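Contents: one structure, followed by commentary.
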Amino acid sequence: MTPRLPHQSRGLQLTLILCALVFIGFFLLLPLVAVFAEALAKGFGTYTAALVDPDALSAIELTLLVAAISVPLNVVFGLCAAWAIAKFDFRGKSVLCTLIDLPFSVSPVVAGLVYVLLFGAQGWFGPWLIDHGVRIIFAVPGIILATILVTFPFVARELIPLMEEQGRTDEEAALALGASGFRTFLRVTLPNIKWGLLYGVLLCNARAMGEFGAVSVVSGHLRGLTNTMPLHVEILYNEYNFAAAFAVASLLALLALVTLVLKTSLEWKFGYSHGSTR
Amino acid sequence: MSFRATRRFVTVAFLAGAALLAACSGKSGSDSGAPAGQPPQVQLLNVSYDPTRELYEAINPKFAAQWKAQTGQDVKVNMSHGGSGKQARAVIDGLDADVVTLALAYDIDEIAKKSNALPAGWQARLPHNSAPYTSTIVFLVREGNPKGIKDWGDLVKPGVSVITPNPKTSGGARWNFLAAWAYAKQKFGSDAAAQDFVKKLYGNVPVLDSGARGSTTTFVERGIGDVLLAWENEAFLAQKQLGQGKFEIVVPSISILAEPPVAVVDANARRHGTGKVAEAYLKYLYTPEAQEIIARNYYRPIDPAVQAKHAAEFPKVNLVTIDGAFGGWQAAQKRFFADGGVFDTIFAAARK
């Protein structure tokens, strides 16, 4: 299909393809296979027992809760930020852009520590919070806050280039025809970016469920209370419970696979390829 | 585009987010209280160091049964494990522990000092310096002891790779360090020689995990290192759980008497109304029943009868004490592990 370049030999092509396949096999497929092989090493009974263990169930529940809160919030925040940056000119725009990227450049451990410094018992707001019976770090709200911080850029970063590329002409036309700002957003902007948005949501969700570093700092590691799935995997592994650790890990791997399939099928169904505008 | 509409939209979005957050913090805020209208159930949080996972997993249900029989109340003990220093830091930062069961007294001293959550004299509140069991530091080597490691002196030989956790975060690691120091001090006589010895030793350490369990996993699972400096209980456990015959325990000529202490964190227990059950929980550790569980988990019991029964399982080791050899934990921590202390000096030098 693709036109062949003049100096391209068949052998070179094959070698390059083979290299790529071996690379993918070693670094992507093999670990995936290993996770499932280890998880099922002691039989299917052990596998399911590890997943219905009360601590595992509560970890799964907490992970879903964290994603269910942080992803919608980040969709809203991400949309607002992307819309403001791509469609408007204002002072401090580049500062806002940098701020959005901050969670990408800061180590997740630091992202977690920030909340300890703010809300810890020795932190700025900690004593007041404790006096009023509000728990933030070493409790679920801290985990949610840390996850929101770490996953914040995914939606916004996905949308900003897309919206900038689309320009403002559609919106300007809508406004000229008398639509309100909000109506313009709903009827014009949103339909234009929906696939990009969905892609951002998928990535955001995958990271929200898989985040380890930041969550580890603020969790306190209370089994059955503040353990998310990645933390539960670590605990099980540290307790020499390898089959169970990999069983829970396999759920996370499954999540990754589902994300991948969803993304691909969306692209296939709607002919949207990542980066294109419509 | 109209800026008013934009602003309204953004405001609405932020308010929605804030409401969600408030809702979720409100929910978890009420978690700590007892659920109304249900049979009385109480929750305890035991924040412990790394290797005690199996121990408390065995002890907690037994204590719950005993407490239920005595008072009719159900008690659920929640656990958190990690490097001892790290756990102390978390309690100082607000981790809501009712009781702490850590690797060494200094870490609980820190909690008392930094958070005022328990009195400075906490260690006198329970028998045996508040340590319901003791332990010591031994070596775990690979099958057949291929590097021929017999004693501390063998650890500084070139080509021997030693696994031990980070003394900054791990309690076990600090006992390891002090045991090595005690050996060198006795063997070579001077502090300067001892410092030189531990410097060489840490020059042979390829990786410092944050807790004892992390180091065990590094040695046993990832196959790194020739010798693991380990809690005696951790060494026995690794040997039992991860393959009989794959590892051997080497008992050095000299080691240190480790006394991992326990304490109620009064301020937290008072706030939760769990003072009584927390105290009962710690006292339970001293009963013959709990001492037996402690011995079966390879910790050295302090109850004389249980001790006598299990005497054959624990090798006789020449043990120095923290008070005798180092003038107590406050002095040892300040001299060796504080920022700019001996460990920082030798570790920086060993890395060069």
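For the protein sequence lines, the chains are D and W, in the order given. So that you can map any letter, position 81 of the first sequence is 81 in the working numbering, and since no number is skipped, the others follow by simple counting. Just remember that the working numbering sits 278 ahead of the position in the second sequence, which is counted from 1. Note that CB positions come from ideal geometry on N, CA and C, so glycine has one too. Since this is a predicted model, take the numbers as computed values, not measurements.
In the three-state reduction of the DSSP assignment, Gly-181/D falls in the helix class. For Val-419/W against Val-529/W, the beta-carbon gap comes to about 11 Å, at or over 8 Å, which does not count as contact. The three-state reading of DSSP puts Thr-447/W in coil, since its state is none of H, G, I, E or B.
Taking a beta-carbon distance threshold of 9 Å, Thr-442/W does not count as an interface residue toward chain D. Using a Cβ-Cβ cut-off of 9 Å, Gln-166/D does not count as an interface residue toward chain W, since no Cβ of chain W sits closer than that to its own.
For the stretch 382-410 of chain W, the set of residues with a beta-carbon nearer than 9 Å to any beta-carbon of chain D comprises Lys-392, Ser-393, Ala-395, in chain order.
Any Cβ of chain D closer than 9 Å to the Cβ of Leu-380/W would place that residue at the interface, and such an atom is absent. When the five nearest sequence neighbours on each side are left out, the beta carbons in the same chain lying within less than 7 Å of the beta carbon of Leu-202/D are those of Thr-259, Leu-262, Lys-263, in order along the chain.
Lys-354/W is bridged by DSSP to Gln-321/W. In the three-state reduction of the DSSP assignment, Trp-453/W falls in the helix class. If you keep only unbroken alpha helix (DSSP H) runs of at least 4 residues inside the stretch 196-248 of chain D, you get 213-219, 229-238.
Within the stretch 135-154 of chain D, contact with chain W at the beta-carbon level (separation under 7 Å) is assigned to Arg-135, Ile-136, Ile-137, Phe-138, Ala-139, Val-140, Pro-141, Ile-144. Not flagged as an interface residue toward chain W: Val-215/D, since no C-beta distance is shorter than 9 Å. Within the stretch 487-499 of chain W, the residues whose Cβ lies closer than 9 Å to any Cβ of chain D are, in chain order, Gly-489, Arg-491, Gly-492, Thr-494, Thr-495, Val-498, Glu-499. If you check each beta-carbon in the stretch 341-372 of chain W against every beta-carbon of chain D, the ones closer than 8 Å belong to Asn-356, Met-357, Ser-358, His-359, Gly-360, Ala-368, Ile-370, Asp-371, Gly-372. The bridge partners DSSP lists for Thr-412/W are Arg-578/W.
When C-beta atoms of the stretch 427-435 of chain W are compared with those of the stretch 566-577 of chain W, fewer than three pairs fall below 8 Å, so the two segments do not count as touching.
Put simply, the backbone Cα of Leu-62/D is about 35 Å away from that of Phe-514/W. For Tyr-327/W, the pairing in a beta bridge is given by DSSP as Gly-360/W. Proximity of chain W to Gln-122/D at the Cβ level (cut-off 9 Å) is accounted for by Ile-370, Asp-371, Gly-372, Lys-392, Ser-393, in chain order.
Here the alpha carbons of Asn-338/W and Ala-610/W stand approximately 33 Å from one another.
Under the 8 Å Cβ criterion, the stretch 127-142 of chain D counts as touching the stretch 216-235 of chain D, having at least three qualifying pairs. DSSP places Glu-499/W in the coil class of the three-state scheme, outside both helix and strand. Ala-398/W: not part of any alpha helix (DSSP H); DSSP gives it neither H nor E. For the stretch 510-530 of chain W, the residues whose beta carbon sits under 9 Å from a beta carbon of chain D are, in order, Leu-515, Ala-516, Gln-519, Leu-520.
For Ala-556/W, the enclosing alpha helix (DSSP H) starts and ends at 553-562. Neighbours of Arg-331/W in chain D, taken as residues at a C-beta separation under 7 Å, are given in chain order as Glu-239.
Put simply, the backbone Cα of Pro-329/W is about 12 Å away from that of Pro-443/W. Only those residues of the stretch 96-130 of chain D whose C-beta falls short of 8 Å from the nearest C-beta of chain W are listed: Val-116, Phe-119, Gly-120, Ala-121, Gln-122, Gly-123, Gly-126, Ile-130. Between His-588/W and Ile-572/W, the alpha-carbon positions lie close to 11 Å from each other. For the pair of segments examined, the stretch 105-113 of chain D was found not to touch the stretch 183-203 of chain D: the number of CB pairs separated by less than 8 Å stays below three. Cβ contact annotation for Phe-475/W (same chain, cutoff 6 Å, sequence separation greater than five): Ala-462, in chain order. Linking Ala-590/W to Val-584/W through their CA atoms gives a straight-line distance of about 11 Å. Taking C-beta atoms as the reference points, Ile-100/D and Met-163/D fail to come closer than 9 Å. For Leu-506/W, there are no C-beta contacts with chain D under 9 Å, since the nearest C-beta of that chain is about 14 Å from it.
Going by beta carbons, Asp-504/W and Pro-424/W fall inside the 9 Å limit.
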